[in-house]
Structures are given as C-alpha cells and as structure tokens.
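Protein chains in written order, with our numbering: chain X, 653 to 987; chain S, 653 to 987; chain P, 653 to 987; chain R, 653 to 987.
Positions of the beta carbon are idealized from the N, C-alpha and C atoms, including for glycine.
Step one of this worksheet: look at the structure below.
Protein chains: 4
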Amino acid sequence: MQLGMIGAGRMGGDMTRRLLKAGHQCLVYDVNPAAVEPLVTDGAQAARTLSDLVGGLAKPRAVWIMVPAAVVDATLDQLVPHLEPGDIVIDGGNSYYHDDIRRSKSLKEKGIVYLDVGTSGGIWGRARGYCLMIGGDPEAVERLTPIFSALAPGIEGAPRTPGRVGKESTSERGFLHCGPSGAGHFVKMVHNGIEYGLMAAYAEGINVLRHANVGAEGRAVNAETTPLREPEHYRYDFDIAEITELWRRGSVVASWLLDLGAQALLESPDLAEFRGRVSDSGEGRWTAIAAIEEGVPAHVLSAALYERFSSRGEADFGDRFLSALRYQFGGHRET
Amino acid sequence: MQLGMIGAGRMGGDMTRRLLKAGHQCLVYDVNPAAVEPLVTDGAQAARTLSDLVGGLAKPRAVWIMVPAAVVDATLDQLVPHLEPGDIVIDGGNSYYHDDIRRSKSLKEKGIVYLDVGTSGGIWGRARGYCLMIGGDPEAVERLTPIFSALAPGIEGAPRTPGRVGKESTSERGFLHCGPSGAGHFVKMVHNGIEYGLMAAYAEGINVLRHANVGAEGRAVNAETTPLREPEHYRYDFDIAEITELWRRGSVVASWLLDLGAQALLESPDLAEFRGRVSDSGEGRWTAIAAIEEGVPAHVLSAALYERFSSRGEADFGDRFLSALRYQFGGHRET
Amino acid sequence: MQLGMIGAGRMGGDMTRRLLKAGHQCLVYDVNPAAVEPLVTDGAQAARTLSDLVGGLAKPRAVWIMVPAAVVDATLDQLVPHLEPGDIVIDGGNSYYHDDIRRSKSLKEKGIVYLDVGTSGGIWGRARGYCLMIGGDPEAVERLTPIFSALAPGIEGAPRTPGRVGKESTSERGFLHCGPSGAGHFVKMVHNGIEYGLMAAYAEGINVLRHANVGAEGRAVNAETTPLREPEHYRYDFDIAEITELWRRGSVVASWLLDLGAQALLESPDLAEFRGRVSDSGEGRWTAIAAIEEGVPAHVLSAALYERFSSRGEADFGDRFLSALRYQFGGHRET
Amino acid sequence: MQLGMIGAGRMGGDMTRRLLKAGHQCLVYDVNPAAVEPLVTDGAQAARTLSDLVGGLAKPRAVWIMVPAAVVDATLDQLVPHLEPGDIVIDGGNSYYHDDIRRSKSLKEKGIVYLDVGTSGGIWGRARGYCLMIGGDPEAVERLTPIFSALAPGIEGAPRTPGRVGKESTSERGFLHCGPSGAGHFVKMVHNGIEYGLMAAYAEGINVLRHANVGAEGRAVNAETTPLREPEHYRYDFDIAEITELWRRGSVVASWLLDLGAQALLESPDLAEFRGRVSDSGEGRWTAIAAIEEGVPAHVLSAALYERFSSRGEADFGDRFLSALRYQFGGHRET
C-alpha cells in the first residue's frame with residue numbers, strides 16, 4: 653500500500669522503515685529535507701514539498717503526519733489545500749484529543765477523513781512494533797488496516813491471553829479502533845498517564861531501597877531533627893541494579909519498564925549522569941485533567957505528575973513559604 | 653537435596669511440587685495433616701509432627717517455613733527445640749523484616765541459621781517459578797543454592813538484559829542474596845509496595861476510561877454541582893477489555909500485571925462479581941512506613957495504600973466531618 | 653449608593669440586607685418574585701422584570717448578579733440589552749475566570765464594564781461581612797468602593813498585622829482589586845482550593861483520632877489481614893468534640909473552619925446525620941487544573957479534591973479492578 | 653503553686669515567665685546554668701543541680717521537663733533517683749507517645765506519676781497562652797489544674813462556640829485531659845499532622861497564585877515541552893502579600909497560620925531570604941504512621957510530609973531513575 657509520511661524525525665523515520673520493510677511504498681516529506689535522505693537509502697521516495705507529496709500519491713490518498721503536537725495545525729494548514737475529498741489524514745503524534753475532535757469536524761466539511769492514532773513504542777518501536785490506538789471513521793480505519801498491521805507488533809508480541817480463542821482480534825495484533833474522533837489519542841493519553849504512575853511507583857520504591865542504609869549514618873540530635881528511633885532497622889546497602897534484574901523473572905512487578913530500568917542501572921548503578929529534572933510531555937497533565945472533569949479520583953496519576961514538576965524546582969516558592977511560616981510561629985531557622 | 657517444608661497451603665504446596673519436580677526430596681508438615689496428603693501423591697513424605705519432620709532430615713538440616721506471617725513466631729517456638737547447631741531455618745512467608753532481625757539474632761545464639769526469603773509469584777509460581785529475595789548468612793545461602801535454583805524461574809524467564817554477558821548471575825536466574833538478615837523481606841516489602849503503586853496506576857487509568865462517557869449523561873444544574881463545561885469531550889464508550897489487550901503488545905505499559913488485568917476483563921468486562929473492597933496484606937504499609945522513617949517521599953506508594961483503605965470505607969468519619977463543615981459554613985446539604 | 657441586585661437567594665438576599673443596613677439603596681430582581689418579598693420588608697425595592705430593574709437605576713448603573721454560575725450567561729443575555737455604555741455589571745457568584753475574561757471582552761465592545769467579584773463568607777457573611785476578591789477595570793472598582801466597603805468585614809474583622817501602619821489598605825478592610833478581568837475569580841478559585849485542602853487536613857486528622865482505639869478491637873489473623881503489631885498503642889477513646897474545642901485557643905491549628913468544626917461536633921459528636929457524600933462546587937477542580945497547566949505541584953489540593961470524589965463512590969470501578977487483579981495473581985478473594 | 657522546671661530554652665523559659673506572672677513559684681534547672689539567669693531576673697529561683705531542684709520543692713513535687721524529645725530519657729534517668737512516691741513528672745515536649753506509655757508504666761512501679769503534655773503555641777505562647785493536651789492519671793491532672801490554667805490561654809482566647817452554656821469546660825480554657833498515658837502526645841501529634849496539612853494547603857495555593865503569570869512568559873516549542881494551550885488565561889501578576897492580608901477577614905480560609913503567613917509576606921514579599929528546605933520535627937511522620945497502622949487514609953497529611961522531604965532533595969535518586977527510564981525508552985535527554 654502507498655502512504656505519504658510527513659516528518660522524518662526519530663518516530664516518523666523508524667515508522668517509515670518498518671513500513672518499507674513490510675513492502676509498503678512510502679513518500680516522505682520533512683521541513684528539513686536532509687532528514688529524508690537516510691530514508692531514501694532505505695527505499696523511501698523523497699518529496700520536496702507537500703504539493704509533491706500529495707501529487708505523488710494515488711487517490712484516495714493516505715497521509716500520515718508525525719510531527720510535534722505543537723505544529724500539527726500549522727502542518728494541516730499547509731497540507732489540506734492539496735488534498736481532495738476521500739483522502740485520509742492521520743495524526744500519529746501526541747495531539748490533545750480535543751484538537752482531534754475539532755480537526756476531524758472541520759476536515760469532514762471538506763470530505764477529508766481525519767484519523768487520530770496514538771502511537772506507543774518510542775525508539776524500540778522499529779524492532780518491537782508500535783502499539784496503535786485509533787480514533788475516527790471506521791471505514792477509513794478498515795482501509796488502512798494493511799498499514800496498521802505492518803506498524804503493529806503482531807500477535808507474536810506477547811503470549812495469548814488465556815481464554816482468547818479463534819482468529820486473533822486486531823487488539824491482539826497491536827492496533828485497535830477505539831472509537832470516534834479523539835478516541836485514539838484519549839486512550840493514548842490515559843496510557844501515558846498510567847505510564848507516569850508506573851514509573852513513579854518504581855522510582856519511589858527504588859528510592860526507598862537506596863536510602864535503606866540511613867541507620868548507619870549519624871544524624872544530629874536537636875529540636876529540629878527527628879532522630880531515627882531504630883537505626884538498626886536501616887542498615888542495608890542494596891545493589892539496586894541486581895535487585896531490578898532479579899525482579900524481571902517471576903515477580904509480580906515484572907514489566908517492560910522494569911526491563912529498561914534494569915538496563916539503565918546496569919549501565920550506570922548510581923545514575924550519576926542524570927540530574928533528575930524530569931520532563932513531562934502533556935499526556936500526564938491531560939489525564940489528570942480528564943479525571944478531574946469526569947469527577948473520578950486519580951491520586952497516583954496526579955502525584956506522579958506533580959513529582960515531575962517538583963523535580964524541576966516548581967515547588968520552590970511554596971517551600972519557601974513553609975519555611976517562612978515555621979520561622980513565624982516557632983522561630984525555626986532553616987538548617 | 654533434602655528440605656523440610658512446614659505449611660502445605662497454596663504457597664507451600666506448590667513450592668513443594670516444584671522442588672519435587674526438580675528432583676529434591678521434601679518432608680512436609682502442616683497443622684492440618686489432610687493438607688499434606690495431595691503432596692504425598694506427588695512424591696513428598698508426610699511428617700505427622702515437627703519432631704518427625706526434623707528427625708527425618710539428615711544433618712545439617714534445612715527447614716522452610718511457609719505459613720501466615722502472624723504465626724511464624726509460634727511455629728518457631730515449637731520447631732526450634734528440635735533443631736541443632738548448624739541447621740538452617742528459612743522463613744519464606746511475608747514476615748516484617750524487623751522480625752527477621754530479631755529472630756536471626758536470637759537463633760544465632762543457638763547456632764541455628766535463620767534466612768528470610770521474600771517469595772513472589774503467587775498462584776503462578778509453580779509454573780513460572782518464584783522470584784526469591786534472600787537475606788541472612790551468605791554461607792547458608794550458598795548451601796541452599798540447589799533449592800533456590802529449583803524454585804526460581806531460571807534465566808529463560810525473561811530475555812537477557814542487553815549488556816549482560818558471560819555466566820548468568822543468580823539475579824538473572826531469579827534469586828538473589830540481598831544482604832544481612834531482614835534484607836530479603838525488606839526487598840520483598842518494597843516489591844509489594846511498588847506492586848500496589850503499579851496496580852493503582854492501572855486502576856486509576858482504567859477508571860478514567862470507564863467514565864469517559866460522562867458527557868453523554870445529563871447532569872443537574874444547581875449551585876452544588878459543577879456543570880461539565882465541554883460535554884462533547886466526554887462521549888466515549890470504551891471497550892476496556894480490548895484496550896488492555898491492545899496495550900500488551902508494543903506499548904510502554906506492558907507488564908505481567910497488565911496481562912492479568914486483560915485476562916480479568918476478558919472474563920468479566922464489568923467486573924460485576926467484585927465489590928471493590930481491596931485488602932492489603934502488610935507490605936504496602938511497611939513500605940510507606942520505611943519511606944517515612946528514611947525521610948524519602950513516597951506519594952504514589954502511600955496513595956495506592958490509602959486508596960485501598962478508602963475502598964473499605966475507612967475514610968467514612970472524615971467524610972462526614974467534611975459534610976458537616978460544609979453545612980456549617982454554607983448551609984450545604986448532602987445531595 | 654444605588655445598586656441593582658439580580659438573585660435573591662441565600663447569598664444575594666443576605667448581601668442586599670447588609671447593603672441596606674449600611675444605608676445603600678437596592679433594587680432586587682429574582683426569577684422567582686416571591687424570593688424578593690422578604691427583602692422588601694427589609695427596605696429593598698422589588699423589580700418585576702430586568703427592564704424594571706435597569707429602568708429604576710440612575711445612570712451610570714451598577715448591577716450585581718448573584719446567581720448560580722451555570723446561569724450567569726443566560727442572565728447576561730437577558731440583562732445586557734437593557735444596559736448602556738458606562739454601566740457596570742458585577743458577577744459576584746462562583747464563575748470560572750475563563751468566562752470572566754470572555755465576558756468582559758465582549759461587554760467592553762458595548763461600552764459596558766464587567767467586574768468579577770469572588771465572594772467568600774457563606775451564610776455567615778451577613779453578620780461577619782464578605783471577603784471580596786475583585787477583578788476588572790480599576791476605575792469601575794474605585795467607583796463601587798462604597799458598595800465593597802459595606803459588604804466587606806472592615807478592619808475590625810481581625811487584629812492588625814504587625815508591621816502594617818498608617819491608613820488601612822482595602823485588603824485590610826476585606827476587599828481587594830486583584831488585577832484585570834478574571835483576577836477576582838482566580839483568587840477566589842485558589843481560595844476555595846485552599847479551603848478544600850484545609851478541610852481535608854482537619855478531616856483526616858480527626859479520622860486518625862476517631863480510629864485510635866483499634867487496638868482494643870479484635871482483628872482476624874489470616875494471610876489476608878495485617879495484624880496490628882502493637883495494639884497497646886491504639887487504645888484511646890477520644891472525645892473529638894472536646895479536642896476540637898481545645899484547639900481553638902492557643903494552638904497552631906486554630907482557624908475559622910476549626911471553630912465551625914467544633915460547633916458541628918458539639919451539636920452531633922458522631923455526625924450520624926451525615927452520610928459523607930461530599931460535594932464539590934467547581935473551584936477545587938479548577939485550582940487543580942490551574943496548577944497542572946502552570947506546571948506546579950499541588951499534591952494536597954488535588955488529594956483533597958479526589959477524596960471528595962471517592963466519598964461519592966467514584967473510585968468504584970478502579971477498586972473492583974484491583975480486587976480482580978488480586979484474584980488473578982494470588983487467588984485472593986474479597987473479605 | 654510550686655513547680656520545678658527542667659529546661660530554660662525558648663519554650664521552658666517563656667512558660668516559666670507565664671507561670672511566674674500568674675503568681676506561681678518556679679525553680680528552674682538547665683544543663684546550661686547561664687540559660688537560667690534571665691529567668692531569675694523575672695522571679696524564678698535557679699537550681700544548680702537536679703538534686704537542688706528536687707530538694708527545693710515541697711512534697712508531693714511536680715517537675716516539668718521541657719527539653720528536646722531526644723534527651724527526655726536521659727533527663728529522666730538523672731532526675732528519677734531524686735524523686736519519691738507521689739511526685740509528678742510532666743513531659744511537656746514533643747515526645748513520641750509510645751515513649752509516654754513506656755515511661756509512665758516504668759515510673760508507676762516507683763509510685764511516681766508521669767504525665768504527657770503536648771504543648772502548642774511556639775514563641776507566641778508566652779503572650780497568647782499555650783494549648784495543652786494532657787495524658788495520664790486523672791488525679792494528678794486535677795492536682796496540677798492551677799498550673800495548666802496559668803499556662804493556657806483561658807476562655808477569652810476565642811469567642812465561645814454557639815451552644816456552649818454554663819461553666820466553661822477546661823477545653824474552653826485551653827487545656828484538656830485527653831485520656832490515659834500517651835493521649836496528650838497522641839493528640840499533639842495529630843495536631844501537628846494537621847498543621848503540616850494546613851501549611852501545605854496554603855503553600856500550594858500561594859504557589860498557584862505565584863505562577864499565574866506563566867502565560868506572559870515565552871515557552872519553547874518542541875517534542876519535550878507541553879505548550880500552554882491558552883496563555884491568555886495565565887497573565888496575572890498577583891500581589892500575594894495583599895491577598896493573604898485580604899483573606900484574613902471574612903473568608904473561609906482565615907486562620908492563625910494565615911495571620912502569620914500575611915505577616916511573613918508583608919515583611920518579605922519574595923521570601924528571598926529562605927531557601928525552602930523545610931524541616932519536619934517528627935509528629936507529622938508519626939501521624940502518618942498512625943494512620944497507616946490504624947488503616948485509615950491520610951492522603952493530605954502524608955503528601956504534606958513528603959513535600960517537606962522533597963524540599964530537602966530526598967527524591968533525588970528516584971528522579972534520576974525517571975530521567976534514566978525516559979532516556980531508555982524514548983531517547984529523551986534532560987533539558
């Protein structure tokens with residue numbers, strides 16, 4: 653099948669390669685033409701302009717946009733005038749699903765179908781396959797099944813769930829039509845919200861292991877400091893890289909994230925090259941906002957998000973206010 | 653190798669079966685003799701009394717205790733008089749590591765070695781193997797390596813971590829000597845603390861998906877109720893069983909817990925047979941307490957724990973106090 | 653001074669009474685004319701229609717809207733055609749500040765000034781005075797100073813802050829021009845967000861006191877239940893009404909909310925007439941969303957909000973998922 | 653009445669002064685004799701040794717210990733040999749209530765009564781009076797009523813709670829016998845736990861106000877950074893000192909802590925002299941542990957505690973693990 657790809661960055665490039673490998677034909681455009689060159693080596697065709705890209709595709713066309721969420725609308729503004737009724741545009745990036753609802757409605761008036769596809773897999777996707785969460789018109793999804801099949805991991809990506817029989821569902825092959833416009837990015841949003849929570853659970857647990865030797869350190873005794881009541885309970889000098897490796901087999905906390913964590917700690921047991929300023933790329937925020945608007949509790953997902961904010965120093969003024977209050981009522985000075 | 657097993661319940665029984673299958677010789681005792689019978693069919697020898705159990709083992713002996721944490725001390729009180737210097741006692745249950753420190757010290761005075769072994773794997777361990785986190789005397793651990801090897805999953809339990817070369821470590825085979833007495837249960841404790849956090853992350857995310865259709869429901873408009881500002885953003889009727897199945901392949905949130913979640917939702921998409929009163933068995937509490945005593949933040953792990961308390965109605969009086977306060981200052985009546 | 657008041661409910665009615673008492677002249681309109689009658693007894697003039705209301709005021713007019721946030725826009729739609737350039741409209745309810753920004757911009761095109769006034773004080777405001785957080789055009793705020801002064805508590809509402817000298821600021825009198833349009837409701841929003849956090853802090857602490865006798869209760873001993881390690885530490889049967897009364901004097905946690913809590917517990921020590929389904933009226937949600945969008949941590953404010961959601965059973969599906977997971981991996985059945 | 657005071661620091665000194673002013677007779681001992689001298693000027697008698705202190709008091713004696721919690725046991729070891737049956741020892745510091753239970757039991761064997769008195773009021777107590785939470789033998793508490801009355805604020809410390817009639821209770825005068833040994837410090841512990849929660853609620857809310865201008869700042873647009881969707885909603889440059897002053901009158905969040913916060917911000921609007929490393933002195937930790945052991949949720953109180961840990965950099969290793977994970981799965985580099 654033929655696909656136009658806009659964006660030849662880390663994600664767009666690797667997805668193109670996976671599609672090419674599966675026998676699909678890809679025309680690729682990037683604002684930076686140099687980014688497309690390596691893909692040409694792998695069998696893609698380069699498009700110098702969006703007009704070229706659209707012109708090079710047989711009708712009805714399918715164009716996949718894989719650019720930062722912040723520039724999707726600008727990309728659409730330039731792309732859409734070249735499209736015709738019956739064409740399909742796919743946003744495979746990390747758009748907010750509100751934007752999907754708006755865009756699909758607006759494009760529908762032009763007869764163009766807009767699909768939103770949440771794409772998980774990161775830099776591993778090229779080899780492992782991408783998990784695809786799809787929202788929008790069911791017929792268009794059906795039409796693009798060969799593309800989704802090629803990008804997704806396939807049923808061999810995991811042992812079959814006991815109880816599932818017969819022909820595999822698309823969910824078992826790694827892609828799913830989740831619902832109407834926005835549904836794909838909604839599910840991807842929640843996926844990332846969960847991801848933040850999982851990561852925070854590991855990070856906090858590992859931090860507890862890391863500090864399990866505090867009983868062996870001396871602590872000052874004064875009115876400002878809580879003495880450790882039973883220092884003999886905190887005299888463990890754990891090898892955290894070994895422990896994460898251990899948990900990979902047979903434990904309840906085994907996961908792909910743990911696999912990566914074990915690898916990170918193997919490469920750098922003290923993680924000294926990281927400063928611990930943790931970014932967030934939007935979905936964690938949107939998941940928390942969705943929980944709030946739905947009126948459902950999300951203690952863990954929000955806490956995971958806030959810990960990232962704190963890691964970047966964003967609690968600072970509040971913390972200083974606490975110190976100021978302690979000074980006011982108790983004359984406590986910071987240590 | 654020869655092992656005495658005390659406790660023929662779900663865990664003790666399956667561990668015995670796994671050991672027998674690996675060619676080890678097991679003598680089994682249970683306060684309920686009937687529980688031992690099925691194991692005899694599988695090749696174990698039954699011991700009618702603790703004295704029989706100890707008497708039937710060649711010196712130096714190894715006795716594995718697999719009973720509820722609350723009755724380990726009582727079991728030791730009855731067992732220890734039969735033991736001799738050089739014998740090893742293993743507590744493989746969910747003891748608090750404080751107890752391990754105390755017990756190992758006390759038994760050491762008698763020349764008996766006490767090992768604490770955190771055991772993960774649940775009802776799946778018999779087939780998958782058990783992940784073993786071990787604390788105590790290194791020589792005793794060395795001596796029991798054949799037992800640990802047989803119980804653990806082995807290196808085939810997961811793909812090798814990139815960068816690991818040469819002979820596999822015991823961590824790669826699924827067991828690890830984590831440190832001195834208590835270290836095994838400390839690591840198991842944190843493992844379970846993380847487990848609570850992971851489970852809560854999935855549960856919260858899935859709950860957000862479950863309520864994604866609130867925009868399609870009418871809501872009352874009054875001073876007590878927040879109207880949903882953009883109901884058109886919450887009109888998704890997700891198939892959560894399919895979504896969890898989808899995430900098993902290629903996504904960042906793939907894990908063994910997710911595998912089980914997908915299976916649970918396949919069997920019962922609405923989970924109608926559960927009431928949602930979630931138990932906790934101690935380790936989640938102890939992990940939070942350890943974080944507090946070490947002085948490290950554990951927002952996620954604690955929140956996961958508290959959500960379980962809340963699920964059992966334990967926030968009740970506080971909630972009523974909130975309603976009472978709202979009535980006092982605003983005349984607000986509960987809806 | 654002359655003021656038109658739309659809304660003769662609990663808040664609008666009491667504010668009118670406070671204005672009348674201060675010598676101001678009030679015309680009052682309510683969709684339910686019967687609601688206005690008691691205010692007429694207190695000296696207000698009744699307006700049968702919005703046209704009457706506007707017609708009865710000398711130019712430039714000032715009209716205060718005190719209706720549920722959900723119907724402010726509809727009220728404005730009916731009111732604005734009667735107004736003229738130079739008139740001032742005040743929204744004193746609990747509007748989302750986003751709406752203020754939109755409305756003030758739209759009304760400005762008609763020469764009408766829109767002020768947003770966050771009003772705190774509840775059913776106590778008539779006697780204590782209302783705390784007024786004001787956003788919008790500074791000149792209009794200046795013009796309405798007599799109204800704000802009459803509604804606010806005045807400097808006698810609290811002892812002067814040490815270090816404040818000379819003529820009192822309006823903040824010391826209980827009203828403040830916080831900034832441009834939306835600033836008043838933004839500050840009121842954060843005020844309510846903090847209120848939720850304060851209430852939750854008290855509620856949780858009181859719940860800890862309430863359960864301080866768990867050591868005197870028997871608990872089952874099984875693999876599913878954590879035994880209380882030191883039951884002798886939890887044998888207190890506290891008189892919580894007395895404790896909250898105690899804390900009102902000399903303690904660090906003394907506050908107006910505590911005053912109300914002490915009163916609530918005096919009236920009903922067991923709070924048996926409350927079910928503990930705690931409503932939230934929007935601002936707590938918006939504060940959390942603002943924190944998320946600003947990228948600052950708000951663990952406490954969000955947790956307080958989520959606890960309200962949980963009190964209404966909104967965690968239910970997630971909790972059932974947790975029970976289902978526990979059953980899958982450990983065969984645990986709910987107790 | 654006559655009282656021996658051990659400890660002439662900030663708290664012990666000011667309490668002595670308040671007692672002297674009420675006409676009581678105080679003998680004061682401090683490990684640093686120079687600390688006692690200023691109290692002698694105020695009318696106290698100095699004791700050079702503990703033996704002198706005890707010898708100077710008429711039987712049955714009452715000795716109040718006001719020293720850091722970490723040295724109470726050492727103080728008791730030196731003091732008790734001088735005491736006789738019938739004497740009363742009061743620990744007025746911040747002891748863990750577990751220690752009270754142990755100490756009172758041990759001293760009871762010697763016929764000595766041990767009272768635990770949680771004391772709130774900080775550096776303001778001398779003028780405002782101290783809020784006293786008392787645990788232990790009721791007769792001893794009765795005997796010391798004149799001392800408690802003098803230290804406590806008295807009923808004039810707050811307006812009477814509506815519904816309270818007749819002779820005032822001791823709770824209305826600012827002291828309360830809360831229950832058996834440990835009850836005083838248990839209630840003080842929860843008081844401080846609540847205090848942490850209240851402080852965090854204000855700090856978070858104020859931090860949201862402080863960042864309300866993020867829409868006016870430019871933000872980078874890249875795949876790692878979430879763009880602010882509606883920057884026009886975050887263009888407020890709030891005067892936080894004025895807002896906290898405003899809230900002191902008529903608002904729902906008025907409190908003594910807010911009074912202090914307004915003062916702190918008046919003195920230093922940017923709080924530039926604070927670094928925001930917030931100490932915790934034990935009770936917040938113990939409250940969270942009590943909640944966990946009782947099995948009741950305490951999301952807010954724990955989060956407040958953890959935020960203090962984070963302010964001191966204790967999340968560091970966990971944060972670096974998060975950055976390491978992000979690098980592993982997405983190739984994300986820290987910004």
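- Below the 9 Å Cβ cutoff, chain P contributes Glu966, Ala967, Asp968, Phe969, Gly970, Asp971 and Phe973 as neighbours of Asn859/S, in chain order.
- Here the C-alpha atom of Thr987/P lies approximately 8 Å from the C-alpha atom of Arg929/S.
- Contacts with chain R at 8 Å (Cβ-Cβ) do not include Glu945/X.
- For Thr693/X, no beta strand (DSSP E) segment is defined; the enclosing uninterrupted segment is the alpha helix (DSSP H) at Glu689 to Thr693.
- Interface with chain X (8 Å Cβ-Cβ cutoff): Trp776/R is included.
- From the beta-carbon of Tyr782/R, the residues of chain P found nearer than 7 Å are Gly902.
- Within the region 796-809 of chain R, those residues whose Cβ lies closer than 7 Å to any Cβ of chain P are, in chain order, Ala804, Pro805 and Gly809.
- The Cβ atoms of Ala802/R and Ala674/R lie closer than 8 Å to each other.
- Cβ contact annotation for Asp743/R (same chain, cutoff 6 Å, sequence separation greater than five): Ile717, Val724 and Asp768, in chain order.
- Where Met785/P is concerned, the enclosing beta strand (DSSP E) starts and stops at Cys783 to Gly787.
- Contact annotation: in the region 830-856 of chain X, residues whose CB is within less than 8 Å of a CB in chain R are Met851, Ala852, Tyr854, Ala855 and Glu856.
- The beta-carbon of Ser931/X is placed no less than 8 Å from the nearest beta-carbon of chain P.
- Around the beta carbon of Gly965/P, a 10 Å sphere encloses fewer than 16 other beta carbons of the protein chains shown; the residue is thus reported as exposed.
- Not a single CB atom of chain X sits nearer than 8 Å to the CB of Leu898/P.
- At least 8 Å separates the beta-carbon of Ala868/S from that of Val860/X.
- Taken in chain order, the region 843-879 of chain R contains no complete alpha helix (DSSP H) segment of 4 residues or longer.
- Taking the beta carbon of Asp911/X as reference, the chain S residues within 9 Å of it are Ala810, Pro811 and Thr813, listed in sequence order.
- Here Asp889/X is exposed: its Cβ has fewer than 16 other Cβ atoms, across all protein chains shown, within 10 Å.
- According to DSSP, residue pairing for Met657/P in a beta bridge involves Val680/P and Trp716/P.
- Shown here, Phe827/X sits in a strand according to DSSP, grouped into three states.
- If you draw a straight line from the Cα of Glu794/P to the Cα of Pro805/R, it comes to about 42 Å.
- Annotation: the region 890-971 of chain P contains no complete segment of the beta strand (DSSP E) (minimum length 3 residues).
- Neighbours of Ile764/P in chain R, taken as residues whose beta carbon is under 9 Å from its own, are absent, since the nearest beta carbon is some 21 Å off.
- Counted as a single uninterrupted DSSP element, the beta strand (DSSP E) harbouring Val769/P occupies residues Val765 to Ser772.
- Under the criterion of beta carbons closer than 8 Å, Thr813/S and Asp789/X do not qualify as touching, at roughly 43 Å.
- Residues of the region 739-754 of chain X whose Cβ lies closer than 7 Å to any Cβ of chain R: none.
- Rounded to whole angstroms, Leu917/R and Glu897/R show a C-alpha spacing of 9 Å.
- In this chain, Ile775/X is not harboured by any alpha helix (DSSP H), its DSSP state being neither H nor E.
- Using beta-carbon distances, Pro690/X does not count as an interface residue toward chain R, since no partner is under 8 Å.
- Ala792/X has a beta carbon lying at 8 Å or more from every beta carbon in chain S.
- If you check the CB distance, Gly781/R and Gly773/R come in under 8 Å.
- Against chain P, the CB of Phe890/S has no partner CB under 8 Å away; the residue lies outside that interface.
- In this structure, the CA atom of Arg816/S is about 11 Å from the CA atom of Ser823/S.
- A check of alpha carbon separations from Leu796/S across Gly982/S, Arg937/S, Ala686/S and His829/S identifies His829/S as the nearest.
- For Val741/S, DSSP records a beta bridge to Val715/S and Tyr766/S.
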